[in-house]
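Single-structure report; data block below.
Below you can see the structure in the form of structure tokens.
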């Protein structure tokens, strides 16, 4: 009964029966912020049976007293597979006449016959075992697309099959809608109208067939969940890949990005309509979680004489390792300075990296570069670097730059000195390339050449983190978000609004979180957001 109600009420959800359900079985949100409440009773005999009228009245009284909803109740409806007799109708009118609702109603057997005729796939799904039919058809299609023919698959082989699958799945699933699209270009990965996942296939250059899978109601994933199981080997094969071993250690400690070599990753995805893949093998990539768009902080350099210079920085990424370490990256608005902080799990030590990414100075107003040039000019041994929120002077993170551990790269030092030497000119309204003196012009060209030759990372190996009371929690704890996982190779999966690919096909997952457990190997679990409201 609840599933039939959900079909025509896509903004409805249900509550599991309990002492604290507020008399609510199914609730539908209305555009004006109010709600309709449906109380379902599975009675098959008349209400004269002892206790049935008492149960119904108790449920109504619970909704009147406290429905536990964030808005007012507009209508209350009794739902059961019986049409009322005249006596039952009179009794129902008596108990509802004083209820503070605009509408009350009895939805009986005639209503359910009408609903069943409108949505026959709900009944068929359970009584005629249509779920297995959908999955068998889907598996045949995916076997075809993934190369089970032992030859190159042509458009003739798969032409029309995906549309047939889509129509069959849409006509039989009470939980998901399946929408078919045919495009010449590869469809975009995002903005797919609330799709839980999408499956696309097609030859290189197109055309591409896409099926978007959309939940019919918010709790559809509770009835038929989308799950994934991911494993990869941590140890290097035969111990011959120490570089990979170090990357794995960094990932466990700090949540850093990790590329997984081909053949080291295995995963299974279960999806509606039989879409998904079993025991796929390939390589992969584990990335850092997304941070809120536009999140900024201030990087401050304090020199030995107490002077300081600040630079607004965008938080480009932040991660948390399984073992408790933290890592976050900052980038200035001109993309001329990149910083990376690593904080050990014990919160007492860490690493600080600064680099100059590839960039082009040509055509930029000098005045716009003034904050960045001033900041780099103050980047000297003995200085202290601090990270502060966008507003206020609360130090989130602070550490000295210690030359005795590992100084800046020589070329980066030269670049800093060159840019510092250009500071007297930055107040002039000129653009690069500019009419400067011969010495300044050569310094500018050398600085640009240093930047464009590649990324230069100056590294201080260890720093002391100033974790006085309250320091660090604001900056680090707020970035605690699930990581997303990308699996590449023949099969590719990306959680968090990205892509799952097998051969010429891919699936896009939305509203996903990943749980990871560190053992001899990593096991990942993909769980759709069950409380998501579409």
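Numbering (the working numbering), first residue to last: 1447 to 1980.
We put the beta carbon where it would ideally sit given N, CA and C, even for glycine.
Everything numeric in this text was worked out from a predicted model, so none of it was measured.
Do residue 1763 and residue 1775 have their C-beta atoms within less than 7 Å of each other? yes
Quick one: Cα of residue 1642 to Cα of residue 1477, how far? 23 Å
Distance check for residue 1783 and residue 1773, CA to CA, integer angstroms please. About 17 Å.
Could you tell me if residue 1544 is buried or exposed, where buried requires 16 or more neighbouring beta carbons within 10 angstroms of its beta carbon? exposed
With the cut-off set at 7 Å, would you say residue 1655 and residue 1608 are in Cβ contact? yes
Determine the DSSP secondary structure at residue 1510, reduced to helix, strand or coil. helix
By a C-beta neighbour count over all protein chains shown, 10 Å radius and 16 as the cutoff for buried, is residue 1647 buried or exposed? buried
Rounded Cβ spacing between residue 1750 and residue 1824 (contact assumed at less than 8 Å): Not confirmed; about 11 Å, so no contact.
With a threshold of 16 other CB atoms inside 10 Å of the CB of residue 1489, please say whether the residue is buried or exposed. exposed
Helix, strand or coil: how does DSSP classify residue 1671 here? Three-state result, residue 1671: coil.
With contact counted as at least three CB pairs below 8 Å, one residue from each stretch, are the segment 1660-1670 and the segment 1449-1458 in contact? yes
Could you check what DSSP says for residue 1778 in three-state terms: helix, strand or coil? Residue state, collapsed to three classes: strand.
Which of the three DSSP states, helix, strand or coil, is assigned to residue 1818? helix
Given residue 1523, which residues of its chain have a CB within under 6 Å of its CB, disregarding the five upstream and five downstream residues? 1484, 1551 and 1553.
Mind checking whether residue 1700 and residue 1657 have CB atoms under 7 Å apart? no
Over the uninterrupted beta strand (DSSP E) stretch that includes residue 1831, give me the two end residues. 1830-1835
I'd like the span of the alpha helix (DSSP H) that includes residue 1448, first residue to last. 1448-1453 is the span of the alpha helix (DSSP H), which, as asked, contains residue 1448.
Classify residue 1536: buried if its beta carbon has 16 or more other beta carbons within 10 angstroms, exposed otherwise. exposed
Mapping the DSSP letters down to three states, classify residue 1698 as helix, strand or coil. Looking at residue 1698 - three-state DSSP - the assignment turns out to be helix.
The alpha helix (DSSP H) enclosing residue 1557, as first and last residue numbers: 1555-1564
Pull up the distance between the alpha-carbon of residue 1790 and that of residue 1760, whole angstroms please. 22 Å
Between which residues of its own chain and residue 1834 is the CB-CB distance below 7 Å, once the five residues before and five after are set aside? Non-local C-beta neighbours of residue 1834 in its own chain, meaning closer than 7 Å and more than five positions away in sequence, comprise 1743, 1744, 1746, 1840, 1841 and 1842, ordered along the chain.
Suppose the cutoff is 8 Å on Cβ atoms and the five residues either side in sequence are ignored; what does the same chain contact list for residue 1541 look like? Spatial neighbours of residue 1541 in its own chain (CB-CB distance under 8 Å, excluding positions within 5 residues in sequence) are listed in chain order as 1502, 1503 and 1506.
Ignore the nearest five residues each way along the sequence and tell me which others in residue 1518's own chain have a CB closer than 6 Å to its CB. 1480
Spatially closest choice to residue 1788 from 1698, 1707 and 1755, by CA coordinates: 1698
Just curious, the beta strand (DSSP E) that residue 1788 is in, first and last residue? 1784-1789
Reduced DSSP secondary structure (H/G/I, E/B, other) of residue 1497: coil
DSSP state of residue 1756, grouped into three classes? strand
Backbone secondary structure at residue 1653 - three-state DSSP: Here DSSP, grouped into helix, strand and coil, assigns residue 1653 to coil.
Consult DSSP for residue 1703 and reduce its assignment to one of helix, strand or coil. coil
I'd like to know whether the C-beta atoms of residue 1475 and residue 1457 end up nearer to each other than 7 Å. yes
In its own chain, which residues sit with a C-beta less than 6 Å from the C-beta of residue 1778, not counting the 5 before and 5 after it? 1757, 1759 and 1818
C-alpha distance - residue 1619 paired with residue 1558, whole-angstrom precision: 18 Å
Less than 7 Å between the C-beta atoms of residue 1693 and residue 1568, yes or no? no
Taking the C-alpha atoms as reference points, what is the distance between residue 1768 and residue 1792? 13 Å
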